[in-house]
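Residue numbers (our numbering), protein chains in the order written: chain A, 8 to 325; chain B, 1148 to 1299.
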Amino acid sequence: MTFITELKEQIKTALPDLDMVIGWERGFDPLHATPLFMRKAQDVERLEVGPLAVHNTATYLTGFKGKKVGVVVKGCDSRAVIQLLQEGLIDRENVVIFGFPCQGVVDMVKVQKYLGNTGLVREAQIQDSSLKVKVNGEERDLALKDVLADKCARCRYPNAMLHDHFAGQPIEPHAPEDKYQDVEELESLSLEERFKHWEREMHRCIRCYACRNACPMCVCRDHCVAQSRQPQWLTQDDSVREKWMFQVIHAMHLAGRCVECGECQRACPMDIPILALKRKLNREARDLFNYEAGVDPNETAPLLSFKVEEENINERGW
Amino acid sequence: MSALNQNELRIIGFLCNWCSYGGADTAGVGRFSQPTDLRIIRVPCSGRINPLFIGRALLNGADGVLVSGCHPRDCHYAEGNFYARRRLEMFQRLLSTMGIDPKRFEYTWVSASEGQRWQTVVTKFTEQIHELGPAPRFGAFQDQNPVVETKC
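Quick look at the structure:
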């Protein structure tokens, strides 16, 4: 990864004019990264970029409103930045974007599938196209393509789509188009099976709201309807119904806004596949309004606009 | 106490104050006979209807939800129903992925003078819901699988 030196130089040059730059560093073990907030030049040395840098740095932007913040972004993170700009939730002049070519990020659920519960990993490193992990004194070699997140296999925007600085050379998209295979799979089930599927999945939900907290587009903070008593959308009941209702709320609040960074699903401690619900709505937004979120900062979200004659909505005759 | 007799299902109707509620009133004044499964909630405009109202209703025990507003271009607030149309269409398409039959929810436009049309809409929609029967409920799963394996 030769671009990392270039990236660090770019950040160091820009840092004096910024309050901070958000990136990633090594987390509690070498297999896990954690977000890094670089305020001084020496912090920049801790920056680590690569397939382990899973977090979406754009999630923090709305929390730093009014400050001048730099963000190191993958392709999907940059879409979140674009979407936030489009909705006027952050100001362009207060954000400096550092892009780099992203080869995909590792899905820890997949790593666990191969290695079981790893505990604290002593050694892990990315070499070319494999992930080398030392677990219980044993050297394990995983092919990177086997452990990359699903979103990366279908990624059409591996390079930051909007950037002030770009380190390295832009790379080709990982896939020419998104076929929405996960949504198709879900829809190949019968209605009853789908209902059962969600019941089974949502039964595991512990209502930690990590999905919401990790979501870059969930910007209501303390005013989230999930905790509001007036109006009271959800009760404190731990039933599947309430948990499921929250996911439906989350999906609808993201309708036509979700940039499919997959943070909700990654952050979920119970590994509930909730991204499919949001992707379903995205596919419908594409089919109905020919719209894709987080691509053009000057577009208007489809549900915030209308056409008097809708081309793709069939008026129902009764 | 349930007001339901065996043959009735719970259908919730969200009607806009200016057109459809008036249309339902016209149908009543005209003494058109209608099925009685529908419980009407009057809202200021179809643009007031959050699609999640429908989700909440369906998850909380409604078997069907009907939304009705002014015809496009006839909205009392000029453009409320245009926004509603997009939102409701998106939500209806989400329902099938949720495992709920999208036919349990319909949206349509009825003006205040269309008492006859209102009668048709209510009758047809009620028939449609009766064909589908009661909505699926959560709960069956927990009974069958009391212990669920959790990952650490």
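Glycine included, C-beta positions come from ideal geometry on N, C-alpha and C.
Just mark residue i as buried or exposed, buried being the case when its beta carbon has 16 or more other beta carbons within 10 Å.
i, result
"residue 9 of chain A", "exposed"
"residue 47 of chain A", "exposed"
"residue 109 of chain A", "buried"
"residue 27 of chain A", "buried"
"residue 1291 of chain B", "Any answer about residue 1291 of chain B is weak, because its pLDDT of 48 lies below 50 and its placement is not dependable; what the coordinates show is given next. Residue 1291 of chain B should be labelled exposed."
"residue 184 of chain A", "exposed"
"residue 181 of chain A", "buried"
"residue 1225 of chain B", "exposed"
"residue 1157 of chain B", "buried"
"residue 227 of chain A", "exposed"
I need the straight-line Cα distance from residue i to residue j, nearest angstrom please.
i, j, result
"residue 326 of chain A", "residue 111 of chain A", "Because chain A is modelled from 8 through 325, residue 326 of chain A falls outside the range shown and cannot be assessed."
"residue 96 of chain A", "residue 258 of chain A", "19 Å"
"residue 120 of chain A", "residue 79 of chain A", "29 Å"
"residue 94 of chain A", "residue 198 of chain A", "35 Å"
"residue 1275 of chain B", "residue 68 of chain A", "48 Å"
"residue 1155 of chain B", "residue 1184 of chain B", "6 Å"
"residue 1259 of chain B", "residue 219 of chain A", "42 Å"
"residue 309 of chain A", "residue 321 of chain A", "17 Å"
"residue 282 of chain A", "residue 1265 of chain B", "39 Å"
"residue 1294 of chain B", "residue 106 of chain A", "Only weak support exists for where residue 1294 of chain B lies, its pLDDT of 49 falling under 50; the value from the coordinates is given anyway. Cα to Cα, residue 1294 of chain B sits roughly 46 Å from residue 106 of chain A."
"residue 1203 of chain B", "residue 168 of chain A", "37 Å"
"residue 135 of chain A", "residue 303 of chain A", "33 Å"
"residue 123 of chain A", "residue 45 of chain A", "34 Å"
"residue 236 of chain A", "residue 212 of chain A", "21 Å"
"residue 13 of chain A", "residue 170 of chain A", "15 Å"
"residue 1216 of chain B", "residue 1235 of chain B", "12 Å"
"residue 1247 of chain B", "residue 143 of chain A", "47 Å"
"residue 291 of chain A", "residue 318 of chain A", "14 Å"
"residue 52 of chain A", "residue 287 of chain A", "41 Å"
Nearest to residue i by CA position, among the options, is which residue?
i, options, result
"residue 1182 of chain B", "B:1268, B:1236, B:1286, B:1190", "B:1268"
"residue 36 of chain A", "A:128, A:11, A:19", "A:128"
"residue 1245 of chain B", "A:253, A:278, A:269", "A:253"
"residue 1188 of chain B", "B:1272, B:1203, B:1168", "B:1168"
"residue 103 of chain A", "A:49, A:141, A:64", "A:64"
"residue 299 of chain A", "A:265, A:189, A:242", "A:265"
"residue 245 of chain A", "A:18, A:293, A:182, A:210", "A:210"
"residue 57 of chain A", "A:272, A:147, A:31, A:217", "A:31"
"residue 1174 of chain B", "B:1282, B:1211, B:1261", "B:1261"
"residue 115 of chain A", "A:85, A:289, A:276", "A:276"
"residue 270 of chain A", "A:186, A:133, A:292, A:60", "A:60"
"residue 305 of chain A", "A:99, A:71, A:24", "A:99"
"residue 1161 of chain B", "B:1172, B:1190, B:1171", "B:1190"
"residue 38 of chain A", "A:131, A:92, A:272, A:295", "A:131"
"residue 145 of chain A", "A:232, A:191, A:76, A:125", "A:125"
"residue 224 of chain A", "A:86, A:312, A:157", "A:86"
Can you give me the start and stop residues for the beta strand (DSSP E) that residue i sits inside?
i, result
"residue 1262 of chain B", "First-last for residue 1262 of chain B: 1262-1279, but that is the alpha helix (DSSP H), not the beta strand (DSSP E)."
"residue 1258 of chain B", "From DSSP, residue 1258 of chain B is part of no beta strand (DSSP E); its letter is neither H nor E."
"residue 33 of chain A", "27-33"
"residue 133 of chain A", "130-134"
Since residue i is in the alpha helix (DSSP H), which residue starts that stretch and which ends it?
i, result
"residue 120 of chain A", "115-122"
"residue 303 of chain A", "From DSSP, residue 303 of chain A is part of no alpha helix (DSSP H); its letter is neither H nor E."
"residue 159 of chain A", "157-160"
"residue 1167 of chain B", "1167-1176"
"residue 153 of chain A", "151-154"
Ranges of the alpha helix (DSSP H) found wholly within the region 178-228 of chain A, counting only runs of at least 4
188-194, 198-210, 217-221
Which ranges does the alpha helix (DSSP H) cover as unbroken runs of at least 4 residues, wholly within the region 226-282 of chain A, from first to last along the chain?
247-260, 270-274
Which whole runs of the alpha helix (DSSP H) in the region 1180-1208 of chain B are 4 residues long or more, in chain order?
1198-1206
Going along the chain, which unbroken runs of the beta strand (DSSP E) with 3 or more residues stay wholly within the region 1207-1244 of chain B?
1211-1216
Counting only runs of 3+ residues fully inside the region 12-88 of chain A, write out the beta strand (DSSP E) ranges in chain order.
The region 12-88 of chain A contains these whole beta strand (DSSP E) runs: 27-33, 40-45, 76-80.
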